[in-house]
Every structure is written in C-alpha cells, then in structure tokens.
Amino acid sequence: MMQKMISKDKISKFISVLQKEYKIFGPVREKGDIVFKEVQSADEMDLDYLNSKIPPKSVLFPMVDTLFSYKKDGEKVEIIENKPYNKVVIFGIRPCDAQSFYLLHNFFNFGKFKDPNFLDRLLNTVLIGIGCLNPRNTCFCTSVNGGPFNSEHVDILLTKFKENYFIASSTDDGDVILKKMDFLSDAKDSDVKEIEEMQKKVESSIKIIEDLEDLHKILDNMYEDPLWEECALGCLGCGTCSYLCPTCHCFDVVDENKPDGSGRRVRIWDTCQFPLFTLETSGHNPRTNKIQRARQRIYHKFNYYPKNYNLIGCVGCGRCILYCPVSNDVRETFSKIKKAPSKTEG
Amino acid sequence: MVEETKQAAKGEASEEWKPKIIAFLCNWCSYAGADLAGVSRVQYPPNIRIVRVPCSGRINPFFIIKSLSAGWDGILVSGCHPGDCHYISGNYVARRRFAILRDLLIFMGVQPERLNFTWVSAAEGERFGKVVKKTVENVKSVGPNKMFEKDW
Amino acid sequence: MSDLESSIRETAKNLLTEGKVDLILGYEKGALPLRAAPCFITDPTDVDRLVFDYSCDLNLAKFLREHPEKKLGIISKGCVGRGVIHLVVENQLNKENITIIGIPCQGVINRSRVIRKIGEREILEVKVENDKLLVKGKDFEESLPLDDYINNLCKTCHYKSPPVADITVGEATASSLQDNFEDITSFESKTPGEKMEYFKDELNRCIRCYACREACPVCYCSLCFIDQNKPVWFGKTADITDNFIFHMIRALHVAGRCVSCGACSSVCPMGIDLNLLNRKVEQIVKERYNFESGISLETPPPMGAHKFEDGQEFMIEED
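Residue numbers (my numbering), protein chains in the order written: chain D, 1 to 346; chain H, 1001 to 1152; chain Y, 2001 to 2319.
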C-alpha cells in the first residue's frame, strides 16, 4: 500500500486524471448544505466540510431509482432497462459513510437475495475518503468499529496536513490509481510520524460510548421493556432519521404511468417509521403503534444486524442526533438500555 | 404578466397545439345546459372534454390538481346558480373549495387563465357556448401546460 | 432559569400534586444547543425539566391525541393553544380533559438561518442576552442581532399567548399588530413563472420525510392522501413535480385549520421555507372568510361552512 503527499493545488489535476476513466461524485455546497453530486472539476467541491446532510448512499442507492421504463406504440411495447453503470469515484467521503457502504453491501448481497442495481454500482465504484480533523460532538464512530481516519473501507484516504494532503491507498484499486498520478511527492518519515500522532489525537478526542458491541445481548431480554414507550413518546414518526442514516436501506417500489401510455417502475426510499411500512396485503399490520416502530429501529441496528451479519448496523455519524426534529438522542437511549432493570432478569 | 405568458405561448405553442380542457359539469344544470347547446347547434370550440358529476359540490380539488398534473391545459368547473342547486347547497361548497384552491394554485405559479369557474343553468345553452369560447381563449393565451411534466 | 420558567414549573407541580392533571406536556432542553424536545411529566418532582425559550419551536398540540384517556395539562404558547382549540372544534379532543396553561411567547429562532450564517462550524453553545444572539463554537464566538433570526411567522404573530386558556402564567400579551400580509403581496408581484420557479427551487430539496406533516397538529388523518392507493392520486417519489404537488395539497388541506405555528418549517431537516405557504393560506382564509383558526370554540371552520354571499370574483366573464 502506498503513502504519498499531494499539495492542495494539485487536487484539480488529480480529479482531471480520474475523469478520464470515472465519473466523479463529490461534496458540493448548495444553499449552505453539502450534497454529493456529480462534478466536472475540483473547484465545484468543498472539501473542508463537516459532513453532508443526505449521506453518499444516495449515489449508489438513489432516492428515486428507475428500475425500468416502457413505451407503448399501439400494440408494441418497448421496455427500456437501466443503462449499464459508469465507473464512479466518490471523492471526499468521510470514513463513517464509507463504512456504511460495507454494511449496505451486506444487506444487498444476502445469500440468494442479491440486488443487481446496488451491487453493480458498488463494483464500479472507487471510494476516496477524507479523514475528519474536526469530529462533531455528535460523532461516535470510534464506538462502532470506526474512526476519523479509518481506511478499512476506502480505497484511498486523504488527510489534510498543512498545505498538502497525506494520501494513502489501502486497496489494490487505490494503488492502481495512485500509480497513475506521477505528480505526487513522497511522504517524509517525519511528516508521516506527525500525521499519525495528529490522527491519534483526533481519534481520542471522540467520546467513547462503552459496550455497543454487546448491546445486542442486553436487547435480547428487553423486548417488552417499558423503555420503548418512553422512547416513542416524543417521536414524530417521520422519516428524517432513516433517510439521513447512511446505513438505512429500506425501499418501496411504485409503478407510474403517463397518459401517453408510457410508464416506469421506480424504487424510492421508505422507512420502518411510517405506519404503512409493515401493512400487509391482507390488511394486517404487525406494527400498528409508534412504540413498536421506535423499538424496531434500535433492534434492527443493534440486535438484528449483529445476529444476521455479525456487524453493528450503525456507523456513528450522528446525523440522527443532529437532525431529529424533536431532538431525540440515540445515545441517551443507549444509556437507558444499559441501565434498564429488566436486563438483570432471565 | 400577460405579456410574458403570451411570449412564452408564442414560443412554445406551435401552430399545431390545440388546448385540451377538461370540464366538470354538474348533472342538473350545467350538463343539461351543455346538452341544450348541442341540441340547439350552438357553435363552440371542440377543445373541451366533459366529465359529468352529480353536483359541483362533488368535485374534489384532487380532480383539478390531477388534471393539471396529467397534462391537461385548462380546467372548467360549472355548477348551478346560487340558490338553484339541486342538492340545495352543493354549489356553495364548490365555490369555497374552488376559491381557496385557485388562490393557492395561483400563488404557487399556476397561471390564473387555466382555472375557470362559472354557473350555467339548464336553460343557458347559448351561454354555455360563450363560456367554453372564453375558456378556450384564456387557455390559448397561456400556452401548453408543461408544469408537471416528468422526464422519464 | 427565567421567571416565566419558574412559574411554569410551579404551576405544573401544583396541577400534578392536586391531581387536576395526570400528565403535563411541555418542553425540555434538547440534546443539542438551540433545541427543545417535548417533555411528558407525570411526577411532580420532575417539573424542573420544563423550560421555555427561543428554541421551543414544536407545536405540542400534536401529541395530545395520543393520550385520549388522560387528564392533560399543556404548556401553551399562543399557537399551541390555538392548535388545541382548533382540534377541539374538529372533535379530535375532549376539552374537559385538557387544561391549557397559557404562557406568553417571544417567538422562536429560525435554526436554519443561524446554521447558514455560522456555516461549517459546529455550534457548541447558544445564549440569548437582551437583543443579541450569542453563538459559540470551538474556535469562534459570534454575536448576532436576535431580531434577524426570529422566525418570519413569529414576527407577524398576534396571538403570543393563547386566545383561550384555562390558566394564565406570566403576562398574557395581546398584540396590537396590524397584519396586512405585506410579505404575501410583495411575493405576488412576481410573474407566475417566477413564482413557480421559486417554489420548485425550494421544494427540490424535499426528501419526503414527512416531518412537516407529522409535526403539524392539524395533520392527523389516519390515511394521508399521499398514501392512498385506491386510487393512487399523486406520486410518492422525491421528483420535483411530486414534491410540488405534495406540499401544495398539504397547504390546501390545512386551509382554515393552520394555526401558523411554523413547526412544519422548523422541523424540516432540509431547511425548506414552508412558512410562505402557511402565510398565504392564512391570508386567503382571513380575507375571504374573516376567519382565524383556534381563537374561539364557537366559530365553525370555513371549509365546513358556506354563505350565499361568498365572493366569486374569479368567475369567468364571457363577452
């Protein structure tokens, strides 16, 4: 794995070399918010951001994803399938969001249930991350097997250092790309040491929430706990936490038609927090009240994900805490879970 | 404002564009009035498609919004004159609903000329023709409806 | 803690200890600066959780319908009290079970505006001192003019305390504000094309989380129009045409019922300005039918009534 330095003003060149082969998606500032959009040049990106509102899962798992469309011409029907995917680079992604792709991959590639849309896109995607120099108070990536400079789930990681970026590849794809960039300078050993110390300092500044790995064991005995009623009291039952969560992946499939006889089947984001999410064709709804839905969110991420994939279904990005309309804080739920009396039963 | 829309209409609407207007007519007065127009051979533009409803009060604002979203260029709603509603007060209900809907749609940028409301009685065949003529003129002046076109 | 807050806590404590209410519904400090969370108190010793300040932007009337059997006390600023009264008028609540604790409100801070001003710097502390909004972070401290960051709806509000209240805490303030809806008239000077462009631009960001609908006290339909599938009326995707229609119809459905609390705009995670739509709907109903929702238990809402003399100036005139 390679370690190099790139000066800030060479990032444009880096991007233009990548553009020969890849479509580039990067953090763009629109009306004050950061969104991950396709960019034509490095100037469109703002790399000094904290994090985006809508996570970069939207690049591989779009909010509105046409599965196929059709046109009718008299009796003839023409089906238009999705175009094959371009090779894509997501540039400037944060390590927590990169980790979320790993979690999403597990969901979309589960045994015989493989989602071609997501998987094909992921296969064609290179992740170039930027480490976090200013983690927020709401970040807790280090408590869920992540970190502000975690390079496990990216191909290349950049760390800002004075007027440069320290650039390190962690996969073969990353190596291939770095080899193409002949304008990178070598990283001095003293600089690397300073960078590693800085990274450690930033990482230790993030407050640790203990025992999230073992939360699933406590949750095994808490299904009927009155805590969930307390959790659900203020909850509005909107989709904010799910839509802005990088690991949430639920979707609805709807068919749309136009008067001229054309139509499409489209996949849109859905959330277990909506009452209709679990409504079955028979009319039965296993989760009719908010308490069950509030409980489900915690269980899915901290009990079912560990059971199904041996992973915690959360990357600690803190968006749910930052954007919840009623200021519900999942970290408080964690401490309530750990303190709940029923954990001592059974 | 009208100038701008006329320019847009000239640019977008080719010679071939014919406005498509959907008309919601109440069964007892307006639909009968339209029928009388037909029987009396009143000449009026052929651009309307009529939907018969039992009373103008049956009209759900969704009918109008769905029509606009499906690409209809204009709407005509017609009921009984105040005091003459077959169901006593349905037309008053329709009038309030339409007033609020129209104000809100115009506020959000729908051209007022697309939303037309009137009272036509069963005896007003000739007048029905005039109403349609005026509606078609209004809609022609603002061009085709591309507000809710989906591009897939 | 302000005087108002201590009076609120005192009142809440008395109501609970005397058994006059089973549950007090108020605001407590949220997890982050400038945030408030809804607070549900059954134990009189818990009343110190209650706060009231510029961060209390939710409409608590929303939560009342979920507790139908209990005797409830609700800490009501003006728009919250209006929400309660309107829900009673619509037969959604039993007024006998509800004690409206009226408090005076100075408005809420528009969080999106503050965040846009501060940019990509984490806000760690917010304080209001007289007419200044002090925002502090790790490496910065900014003093902003408070008035520039108060929500637009609050600036035109003339029901700072509830028009109908069972208990009054603090000084009930009656506003002598004369509202001419100038903000609406100035927006309406745009051409239709410009208006539509403005709304499409604003609503493009909508992710269809429905936080606006869930935060609104008068949006309580068990099956929202957008979720209907027999028939499907309008699209559920986040395409701009679908977003435009959703918000237009939601504004239509709250016409004559909206209490102008601005909660929909405050809870929007994308910071969309829904307040303009609310203001328009408020103006339509006030100017056409001289109605304001939630100020009286007697007057029927305008969409449930009609008059022979209703205006019809929009009728087409054939020549």
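Beta carbons are placed, not taken as given, at the ideal position from N, Cα and C, and that holds for glycine.
Give a yes or no on whether the C-beta atoms belonging to H/Ser-1040 and H/Gly-1143 are separated by under 8 Å. no
By DSSP's criteria, Y/Ala-2037 is part of a beta bridge. Which residues make up the other side? Y/Glu-2028
H/Ser-1078 classed as buried or exposed, judged by whether at least 16 other C-beta atoms fall within 10 angstroms: buried
Distance check for Y/Asp-2227 and Y/Cys-2221, CA to CA, integer angstroms please. 11 Å
So which residues of chain D does Y/Phe-2246 contact, with C-beta pairs closer than 7 Å? Ordered by position in chain D, no residue passes the 7 Å Cβ test against Y/Phe-2246, which lies about 13 Å from the chain.
Please report the straight-line C-alpha distance between Y/Ser-2006 and Y/Gly-2170, rounded to a whole angstrom. 10 Å
So is D/Thr-278 in contact with chain H if we call contact Cβ pairs under 8 Å? no
Indicate whether at least one CB of chain D lies closer than 8 Å to the CB of H/Trp-1152. yes
Under 8 Å, do H/Ile-1021 and H/Val-1136 count as touching if we go by C-beta distance? yes
Contact check, Y/Asn-2152 vs Y/Asn-2275, beta carbons under 8 Å: yes
Closer than 8 Å to chain Y by CB, D/Gly-234: yes
Going by the beta-carbon positions, is the gap between Y/Asp-2022 and Y/Thr-2042 smaller than 8 Å? yes
Counting C-beta neighbours from all protein chains within 10 Å, is the total for Y/Phe-2308 16 or more, i.e. buried, or is it exposed? exposed
Give the secondary structure of H/Val-1132 by DSSP, where H, G and I count as helix, E and B as strand, and everything else as coil. helix
Considering only residues of the same chain and omitting the five flanking positions on each side of D/Leu-157, which have a CB-CB separation below 7 Å? Gly-129, Gly-131, Phe-149, Ser-151, Ala-168, Ser-170
Expressed to the nearest angstrom, what Euclidean distance is found between the alpha-carbon atoms of D/Leu-276 and Y/Glu-2214? 14 Å
Is it right to say D/Tyr-305 is buried, meaning 16 or more other beta carbons lie within 10 angstroms of its own, or is it exposed? buried
Let me know if D/Phe-14 comes out buried or exposed under the rule of 16 or more other beta-carbons within 10 Å of its beta-carbon. buried
So, is the C-beta of Y/Arg-2288 closer than 8 Å to a C-beta in chain H? yes
Per DSSP, which one or two residues make a beta bridge with D/Tyr-165? D/Ile-6, D/Lys-160
Which of helix, strand or coil DSSP assigns to D/Phe-36: strand
What residues from chain D crowd round H/Ala-1123, counting only those whose CB sits closer than 8 Å? By Cβ distance, chain D contributes nothing, its closest Cβ being about 35 Å from H/Ala-1123, past 8 Å.
Measure from the C-beta of Y/Thr-2237 to each C-beta in chain D and report whether the shortest distance is under 8 Å. yes
In the DSSP assignment, what are the bridge partners of Y/Val-2259? Its beta-bridge partners do not exist; DSSP assigns none.
Any C-beta of chain H under 8 Å from that of D/Glu-345: With a pLDDT of only 48 at D/Glu-345, under the threshold of 50, the placement of this residue in the model should not be trusted; the figure read from the coordinates follows. By this cut-off, D/Glu-345 is not an interface position.
Taking the alpha carbon of Y/Lys-2286 as the point to measure from, which residue in Y/Leu-2277, Y/Pro-2302, Y/Ser-2296, Y/Phe-2246 has its own alpha carbon closest? Y/Pro-2302
Would you verify that the beta carbon of H/Val-1002 is, or is not, closer than 8 Å to some beta carbon of chain D? Residue placement at H/Val-1002 cannot be trusted, given a pLDDT of 49 that sits under 50; what the coordinates show is reported in the next sentence. No, no contact with chain D.
So if I threshold CB-CB distances at 8 Å, which residues from the region 1068 to 1081 of chain H count as touching chain D? Ala-1070, Gly-1071
Which residues bound the beta strand (DSSP E) around D/Lys-71? 64 to 73
Could you name the residues that DSSP lists as bridge partners for Y/Pro-2145? Y/Lys-2132
Y/Pro-2301 in three-state terms, based on DSSP: coil
I'd like the list of long-range same chain contacts for Y/Thr-2099, defined as Cβ closer than 6 Å, with 5 residues on each side in sequence excluded. Val-2021, Gly-2073, Asp-2166
Mapping the DSSP letters down to three states, classify Y/Glu-2066 as helix, strand or coil. helix
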